[in-house]
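The next block holds one structure in the form of structure tokens; read it before the comments.
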Amino acid sequence: MMRYRRSDITTALILLIPFLLVYGVLFVYPTFQMVGLTFTNAPLIGEGEWIGFRNYERLWGDRLFSRAVWNTGYFVLLTVIPSTLLGLLIALGVNRLNGWWQSVALAAFFLPYILPVSVVFRIWAWMLDSQFGIMQYPIAAIWGENVPIFRTLPLFMPAVAFITVWWLIGFNVLLFIAGLRNISSEIYEAAALDGATRWQQFARITWPLIWPITVLVATIQLILQLKIFDQIYLFGQGGRTDSTLGMVELIYRSAFQRNQGGYGATVALVLFVIIVVVSVLQYQLLRAKGQR
Amino acid sequence: MIFKTMKAALVTSALMVSAAQAQQVVEWWDFLGGGDGVRMKTLIEEFNTEHAGEIQINATTLEWGTPFYTKVQTSAAVGEGPDIMTYHLSRLPLGVSTGALSPITADDLAGVGLSGDQFATANWEAAQVDGTLYAIPFDIHAIVLYYNKDLLGAAGLLDDAGIPIGLDSVEGFTTAMETLQTNGAEYGVSFQSAGNGTNWRIFYSLLGQQGGSFIDENGDFLTDDNFDKAVNAVQTMADWVSNGYTASDVEYPASIALFTGGNAAMHINGVWEVPTFTDLHAAGDLFEWGAIELPMFFSEKATWADSHAFAIPNNAGNELTAEERAAVMQVIAWMNERSTFWATAGHLPAFNAARENEEFRTMQPNATYSVLAETAFFDPSSVLAGVASPVYDAIGNYVYPAIGGEMTAEEAVTEMRDDLDNQNY
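The structure is reproduced here in structure tokens:
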């Protein structure tokens with residue numbers, strides 16, 4: 000067991016205390032305040048009166064809240080695993096290329112990632128526009144007529160999920176490529192000498208060795224997509240927002256649009272707890288599986 | 000030598016300070032981007048030139064909609080708001096209920112010679128909450144019917160002056176669209192049928208044209224025969240879609256493109272698009288076009304309208320001094336007197352005198368539709384109404400699907416009424 004010298008502890012504290020101070024003031028303190036808010040009927044700005052668990056009771060029976068949880072869960076299902084696996088697939092493909100081609104391919108997949116969400120919205124809203132969208136030509140060829148994708152309820156979430164994956168895939172690809180490059184090519188050569196097929200090489204060498212990266216990517220994506228707001232808000236604005244809203248949009252509506260800060264804080268707290276629980280669970284489960 | 004220079008410098012800076020103290024700087028926030036915004040910037044520059052050394056406007060343009068209003072609310076609460084801001088009258092009840100606005104007193108008005116009778120009655124009333132004035136109107140903006148003169152002329156729907164005839168009444172309008180489509184137009188009319196903006200404005204106009212109202216004196220929604228009138232309004236719009244006279248699920252920019260591309264012979268949209276069509280026409284890229292007041296489909300004339308107004312935020316702990324307030328009122332009065340120029344953005348000046356002068360009377364197409372100011376039907380006065388409000392959301396959730404045929408008009412209006420009544424407490 001390592002024993003720490005006095006000077007080590009001092010150094011550690013000196014380096015950590017600035018961060019801890021800032022973290023405490025800007026994150027921990029407001030979080031405690033927010034928990035307190037959930038027991039009041041405070042508006043967006045200012046104090047409110049203590050109302051006990053009334054916000055939580057309202058949450059339990061709120062049709063919008065259950066819809067928001069359901070939509071967020073559905074969105075996570077549509078994006079987390081697909082974007083992780085697709086990122087790995089693309090990374091494997093890009094890794095096979097050499098030199099200039101590899102740089103071009105990597106840049107191409109990473110390019111959408113640098114776009115701000117409003118630009119992504121503009122591009123896809125116009126491409127899929129029901130009257131003038133360029134994608135309506137193939138759609139009309141298959142379906143017989145133009146389809147207003149974002150205004151057709153069953154198609155809304157899958158379309159937004161697809162666009163989100165397109166937008167963010169570059170980040171996953173980058174992480175996976177870094178992981179793949181860490182696998183020594185000698186292992187593959189040895190396996191090929193032993194007669195391993197491509198699939199066996201992937202399943203027995205690549206997949207297990209890349210597992211820590213896969214877990215990391217999946218966890219990052221999970222936490223990110225549980226907080227979905229921008230894309231759903233932008234593509235759904237003006238339409239059937241009660242049917243498509245996610246949890247963050249419910250927080251925004253309650254606090255900023257309806258001026259109900261206490262209720263908004265309640266939804267936010269529930270979301271916070273969900274994210275912590277789900278991501279810790281996922282990380283532990285997947286890591287445990289990998290270590291077997 | 001150095002002492003002399005220092006003395007000179009001190010005296011100069013003292014003079015500068017006192018000169019600066021004599022000049023009032025008015026902090027101004029607005030949400031006017033795009034075509035409107037260009038014209039507003041011209042007005043502000045003109046004001047600053049005229050009032051150099053006395054009053055200067057320091058203007059900032061922020062993002063339109065919910066972001067503007069939440070920013071105003073939060074800044075006013077901590078005393079960091081502006082001295083003057085533009086405000087939609089439809090948002091006034093909510094702004095007043097959150098304490099973000101400062102009442103405008105009779106003394107304020109008298110100081111610059113403004114009074115209620117210089118504005119249209121409905122407009123002045125919309126600027127008050129419970130009898131107290133909180134804003135001074137600047138313009139009235141409504142929806143109008145834009146039309147393609149070439150297509151309508153060919154279909155025999157224009158009189159000698161180039162104004163459409165026979166559009167009043169639901170049957171008349173339908174027949175006109177039928178004729179236009181027989182003569183080759185793809186759609187009789189186009190409008191933003193996806194979402195809640197134009198859908199609300201047309202629905203609300205149709206409701207008003209039947210003499211209906213959205214909220215009664217108790218704050219309940221669509222009570223008694225207002226319910227049936229609302230169903231009728233939704234059904235009329237749904238029929239236009241189901242009979243193929245207009246397309247469903249058309250987004251805002253696409254609805255304009257359908258008109259300018261010649262696919263739709265008519266177009267229902269706000270007056271704020273007048274500069275778009277004017278500029279396109281001037282560049283030779285648009286056919287001959289005109290704009291008239293919305294047809295009278297039912298028994299009375301009514302057109303949805305909202306109003307940009309000037310309001311003074313209630314900056315907690317940092318209220319305006321008497322001189323600052325006087326400066327702000329001077330800005331408001333000056334702007335109103337110059338609002339005929341603002342009309343080039345398509346809006347109607349709220350100030351009666353600015354609508355009655357020669358320059359406005361010859362401004363086209365404004366002069367043609369300016370008559371709607373008399374029957375302007377302002378957004379209901381409720382904390383749940385106004386731009387980007389629960390009422391708008393309800394339209395997106397219920398009326399919009401009904402127009403597209405996914406719900407019956409009856410179901411849509413029932414659910415909308417129940418939804419909004421539930422949010423009333």
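Protein sequences, first through last, are from chains V and B. Residues 0 to 291 (numbering that gives the first Met the number 0) are what the first sequence spells out, left to right. Residues 0 to 424 (numbering that gives the first Met the number 0) are what the second sequence spells out, left to right. Ideal placement from N, C-alpha and C gives every residue a C-beta, glycine not left out.
Quick check on the burial criterion: 16 or more other C-beta atoms within 10 angstroms. Buried or exposed for residue i?
i, result
"T297/V", "With chain V covering 0 to 291 only, the question about residue 297/V has no answer from this structure."
"A18/B", "With a pLDDT of 48 at A18/B, under the threshold of 50, the predicted position of this residue should be treated as unreliable, though the coordinate-derived value follows. So A18/B ends up on the exposed side."
"P294/B", "buried"
"K3/B", "exposed"
"W27/B", "buried"
"I148/V", "buried"
"V272/V", "exposed"
"E404/B", "A small fix is needed here, since residue 404/B is Gly in this sequence, not Glu. Looking at its Cβ environment, which holds fewer than 16 other Cβ atoms inside 10 Å, G404/B is exposed."
"P115/V", "exposed"
"G245/V", "buried"
"W123/V", "buried"
"A41/V", "buried"
"G385/B", "buried"
"W341/B", "buried"
"E248/V", "buried"
"G161/B", "exposed"
"D29/B", "buried"
Can you tell me where the alpha helix (DSSP H) holding residue i begins and where it ends?
i, result
"M362/B", "Unbroken run through M362/B: none, as it is neither H nor E."
"E287/B", "Careful: E287/B lies outside any alpha helix (DSSP H) and carries neither H nor E."
"P294/B", "First-last for P294/B: undefined, no H or E at that position."
"I186/V", "S184 to L192"
"A372/B", "From DSSP, A372/B is part of no alpha helix (DSSP H); its letter is neither H nor E."
"M265/B", "Taken as a continuous stretch (DSSP letters only), M265/B belongs to no alpha helix (DSSP H), being part of the beta strand (DSSP E) at A263 to G269."
"H346/B", "That residue, H346/B, is in no alpha helix (DSSP H); it is neither H nor E in DSSP."
"N54/V", "R53 to G60"
Is residue i near residue j, with beta carbons less than 8 Å apart?
i, j, result
"Y145/B", "A321/B", "no"
"S278/V", "T213/V", "no"
"V330/B", "F46/B", "yes"
"V412/B", "L221/B", "yes"
"Y186/B", "T245/B", "yes"
"G194/B", "Y368/B", "no"
"W271/B", "G345/B", "yes"
"G64/B", "A387/B", "yes"
"D107/B", "M328/B", "yes"
"E318/B", "T339/B", "no"
Which residues in chain B have a C-beta closer than 8 Å to the C-beta of residue i? List them in chain order.
i, result
"I133/V", "In chain order: nothing, as chain B lies at least about 13 Å away."
"D193/V", "Going along chain B, no residue has its Cβ under 8 Å from D193/V, so there is no contact; the nearest lies around 59 Å."
"D61/V", "Per Cβ cutoff of 8 Å: no residues; D61/V is ~11 Å from chain B at best."
For residue i, return the contacting residues in chain V, with the cut-off set at a CB-CB distance below 7 Å.
i, result
"D420/B", "Per Cβ cutoff of 7 Å: no residues; D420/B is ~15 Å from chain V at best."
"V249/B", "S129 and Q130"
"D305/B", "Under the 7 Å cutoff, chain V gives no residues; its nearest Cβ is about 17 Å from D305/B."
Give the residues of chain V in contact with residue i, contact being defined as C-beta atoms less than 8 Å apart.
i, result
"A256/B", "Q130 and F131"
"T69/B", "L43 and F255"
"A253/B", "D128, S129, Q130 and F131"
Contact defined as beta carbons within less than 8 Å: I believe residue i pairs with residue j. What is the distance between those atoms, to the nearest angstrom?
i, j, result
"A160/V", "T78/V", "5 Å"
"Y133/B", "L179/B", "That belief does not hold up - the Cβ atoms of Y133/B and L179/B are roughly 45 Å apart, past 8 Å."
"F170/V", "Y262/V", "34 Å between Cβ atoms; not a contact."
"V169/B", "V128/B", "Between V128/B and V169/B the Cβ distance is about 35 Å, and since that is not below 8 Å, they are no contact."
"N268/B", "I139/B", "Their Cβ separation, rounded to whole angstroms, is 16 Å, which puts N268/B and I139/B out of contact at 8 Å."
"F377/B", "S306/B", "7 Å"
Interface residues of chain B around residue i at Cβ under 7 Å?
i, result
"G238/V", "A193, G194, G395 and Y399"
"N258/V", "T97"
Which two residues bound the contiguous beta strand (DSSP E) that contains residue i?
i, result
"N225/B", "Where N225/B is concerned, there is no enclosing beta strand (DSSP E), although the alpha helix (DSSP H) it sits in stretches over D224 to S241."
"D305/B", "T302 to A310"
"M176/B", "Looking at the DSSP string, M176/B is not in any beta strand (DSSP E); the run it does join, the alpha helix (DSSP H), is V169 to T181."
"L144/B", "A134 to N147"
"D29/B", "Q23 to D29"
"G161/B", "Counting along the chain, G161/B falls outside any beta strand (DSSP E), and DSSP gives it neither H nor E."
"Y186/B", "Y186 to S189"
"I83/B", "I83 to H87"
"T39/V", "Note, T39/V: premise wrong, no beta strand (DSSP E); not H, not E."
"N57/B", "I54 to T60"
Please confirm whether any heavy atom of the ligand FAD lies closer than 7 Å to the CB of residue i.
i, result
"Q135/V", "Here there are no bound small molecules, and the ligand FAD is not part of this structure."
Which chain V residues sit within Cβ distance under 9 Å of residue i?
i, result
"A76/B", "L43, I44 and G45"
Chain D contacts made by the region 147-171 of chain V, where a contact means CB separation under 7 Å: This model lacks chain D altogether; the protein chains it does include are V and B.
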